[in-house]
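Peer 1: There's a structure below that I have some questions on.
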Amino acid sequence: SVQSSDVQFQYNTPPESILTTDGGNRINGVQDRRGKDIILGGLFTVHNDAEGSAGAKCGDKVWGQGIETLEAMFYSLDSINSDPDLLPNITLGYDIRDTCQSENIALDESVSLVFTNTDAESGTCRPSEASGNDSTQIPVAATIGPLESFVTIPVASFFRLFQMPQVSYASTSTVLSNRNQYGYFFRTLPPDDLQAKAIIDIILHYNWDHVSTIYTNNLFGEPLNNEFENLAKANDICIDISEPITDNFKTPEYKKLAQKLFFNTTASVVVLFAAVDHASKLFTQVRDIKKSNTEIRNI
């Protein structure tokens with residue numbers, strides 16, 4: 001819960017303040033800029049997007065892993081600032097925003113990060129300004145995040161225009177490997193093409209000759225699924241069924257998809273390239289089928 005997500009760090013701003021809504025549309029971010037030498041931006045998925053808003057509003061559901069990654073940044077900054085040997089005479093500050101798992105909101109927050117020192121909010125007052133925090137002295141030097149590839153891709157395109165370095169801790173899309181288009185984007189994990197090859201190696205190791213694939217139909221899932229299917233074909237692995245999950249899926253669509261995995265294919269292995277919320281909803285329907293079905297599906 002929000003109340004139990006306390007983290008021990010030396011900054012004055014409690015982590016829960018990033019979890020407060022701003023009129024139901026945006027989430028108030030957290031900033032610590034006063035007296036800092038370098039400001040790092042942060043784009044984290046703490047909330048989901050509001051259902052039915054087409055990514056225009058933040059929802060009220062809090063994602064636990066999003067809180068963990070947010071707290072990891074607080075911890076890292078605190079550790080660096082507390083160690084005189086890492087960055088002598090330099091203190092790091094932060095300006096962190098919630099993307100709410102939405103491309104639109106992430107771009108809004110990215111614009112705000114880039115133009116923080118020029119009042120690009122058209123006269124609106126951010127929480128840091130209202131509190132008297134001197135947030136306009138030093139611009140954001142680089143940004144950490146976002147998490148999801150489909151959110152990161154438009155953000156990386158925008159940051160390139162302003163030569164803003166960006167480091168993602170979870171975006172794996174091979175699209176982002178194009179250095180000509182995303183020259184200021186970096187990440188701390190391997191891209192999807194290596195992930196697809198690793199899964200193929202596992203399938204070959206266990207001599208599975210046919211599988212099914214389910215993927216989120218976005219800039220993360222579709223390219224990864226295409227890469228996997230190309231590698232599968234090259235290694236004589238048959239794809240029984242290949243089905244996308246879209247953002248407008250409701251319970252009946254997830255139920256129908258789960259039924260296909262049991263009744264429309266004999267493949268016992270299902271390769272899933274899906275967003276967390278899509279995977280969770282699919283697993284719910286699979287568990288319901290398993291109550292009356294003894295067949296095994298390894299997902």
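The sequence shown begins at 1 in the UniProt record's numbering and counts up by one.
We put the CB at the ideal spot given by N, CA and C, even for glycine.
Would you list, in sequence order, the uninterrupted alpha helix (DSSP H) runs of no fewer than 4 residues that lie entirely inside the stretch 181-227?
Peer 2: 192-205
Peer 1: Short of 8 Å in beta carbon distance, which residues of its chain neighbour Ala-196, apart from the five on each side in sequence? Order them along the chain.
Peer 2: As a working note, residue 196 is residue 196 in the sequence shown. Excluding positions up to five away in sequence, the list reads Leu-224, Glu-227, Phe-228, Leu-231.
Peer 1: Check whether the Cβ atoms of His-278 and Thr-216 sit closer than 9 Å, and answer yes or no.
Peer 2: As a position in the sequence shown, residue 278 is number 278, starting the count at 1. As a position in the sequence shown, residue 216 is number 216, starting the count at 1. Contact check for His-278 against Thr-216 passes: the beta carbons are separated by less than 9 Å.
Peer 1: Quick one: what's got a C-beta closer than 6 Å to Lys-290's C-beta in the same chain, skipping five residues either side?
Peer 2: Taking the sequence shown and counting its residues from 1, the one referred to as residue 290 is at position 290. Excluding positions up to five away in sequence, the list is empty.
Peer 1: Pick helix, strand or coil for Asn-48, following the three-state DSSP scheme.
Peer 2: Working through the sequence shown from its first residue, we reach residue 48 at position 48. The answer is strand: DSSP assigns Asn-48 an E or B state.
Peer 1: Leaving out five residues on either side along the sequence, give the residues of the same chain with a beta carbon under 7 Å from the beta carbon of Asn-81.
Peer 2: For the purposes of this step, residue 81 is taken as residue 81 along the sequence shown, with counting starting at 1. If we look at Asn-81 and ignore the five residues flanking it on each side, its Cβ neighbours are Thr-91, Leu-92.
Peer 1: Give the secondary structure of Ser-292 by DSSP, where H, G and I count as helix, E and B as strand, and everything else as coil.
Peer 2: Locating residue 292 in the sequence shown gives position 292, counting from the first residue. Three-state result, Ser-292: coil.
Peer 1: Could you tell me whether the Cβ atoms of Lys-255 and Asp-288 are closer together than 9 Å?
Peer 2: Indexing the sequence shown from 1 puts residue 255 at position 255. Indexing the sequence shown from 1 puts residue 288 at position 288. In contact: Lys-255 and Asp-288 (Cβ atoms closer than 9 Å).
Peer 1: Going by beta-carbon coordinates alone, are Ile-105 and Ala-56 separated by less than 9 Å?
Peer 2: One-based indexing of the sequence shown puts residue 105 at position 105. One-based indexing of the sequence shown puts residue 56 at position 56. For Ile-105 and Ala-56, yes; Cβs fall inside 9 Å.
Peer 1: In whole angstroms, what is the alpha-carbon distance linking Thr-45 and Phe-262?
Peer 2: Within the sequence shown, numbered from 1, the residue matching residue 45 stands at position 45. Within the sequence shown, numbered from 1, the residue matching residue 262 stands at position 262. Those two C-alpha atoms are separated by around 33 Å.
Peer 1: Is it buried or exposed for Leu-176, if we count other Cβ within 10 angstroms and need 16 for buried?
Peer 2: Working through the sequence shown from its first residue, we reach residue 176 at position 176. When all chains shown are included, Leu-176 counts as buried.
Peer 1: What did DSSP end up calling Gln-101 once you bin it into helix, strand or coil?
Peer 2: Within the sequence shown, residue 101 is the residue found at index 101, counting from 1. Gln-101: coil per DSSP, three-state reduction.
Peer 1: Return the Cβ separation of Val-140 and Leu-107 in integer angstroms, given the expectation that the two are a contact with Cβ distance under 8 Å.
Peer 2: Residue mapping note: residue 140 aligns to position 140 of the sequence shown, counting from 1. Residue mapping note: residue 107 aligns to position 107 of the sequence shown, counting from 1. Between Leu-107 and Val-140 the Cβ distance is about 15 Å, and since that is not below 8 Å, they are no contact.
Peer 1: Indicate whether Tyr-184 and Gly-145 have their beta-carbon atoms separated by less than 9 Å.
Peer 2: Counted from its first residue, the sequence shown places residue 184 at position 184. Counted from its first residue, the sequence shown places residue 145 at position 145. Cβ distance not < 9 Å, so Tyr-184 and Gly-145 don't count as in contact.
Peer 1: Taking the CB atoms as reference points, tell me whether Tyr-182 and Ser-149 lie closer together than 9 Å.
Peer 2: For the purposes of this step, residue 182 is taken as the residue at position 182 of the sequence shown. For the purposes of this step, residue 149 is taken as the residue at position 149 of the sequence shown. No, the Cβ-Cβ distance between Tyr-182 and Ser-149 is not below 9 Å.
Peer 1: Which residues in the same chain as Phe-162 place their Cβ atom closer than 8 Å to its Cβ, once the five residues preceding and following it in sequence are excluded?
Peer 2: In the sequence shown, counting from the first residue as 1, residue 162 sits at position 162. Hits under 8 Å: Val-114.
Peer 1: Just the Cα atoms here: how many angstroms apart are Val-62 and Asp-98?
Peer 2: Here the question's residue 62 lines up with position 62 in the sequence shown. Here the question's residue 98 lines up with position 98 in the sequence shown. Approximately 11 Å between the Cα atoms of the pair.
Peer 1: Looking at Ser-110: is its Cβ nearer than 9 Å to the Cβ of Thr-143?
Peer 2: In the sequence shown, counting from the first residue as 1, residue 110 sits at position 110. In the sequence shown, counting from the first residue as 1, residue 143 sits at position 143. Yes, the pair counts as a contact, with Cβ atoms nearer than the cut-off.
Peer 1: Using beta-carbon positions only, say whether Arg-160 and Thr-172 come within less than 9 Å of one another.
Peer 2: The residue you call residue 160 lines up with position 160 of the sequence shown. The residue you call residue 172 lines up with position 172 of the sequence shown. No.
Peer 1: Distance, Cα to Cα, Ala-275 vs Asp-32?
Peer 2: For the purposes of this step, residue 275 is taken as the residue at position 275 of the sequence shown. For the purposes of this step, residue 32 is taken as the residue at position 32 of the sequence shown. Roughly 31 Å separates the two Cα atoms.
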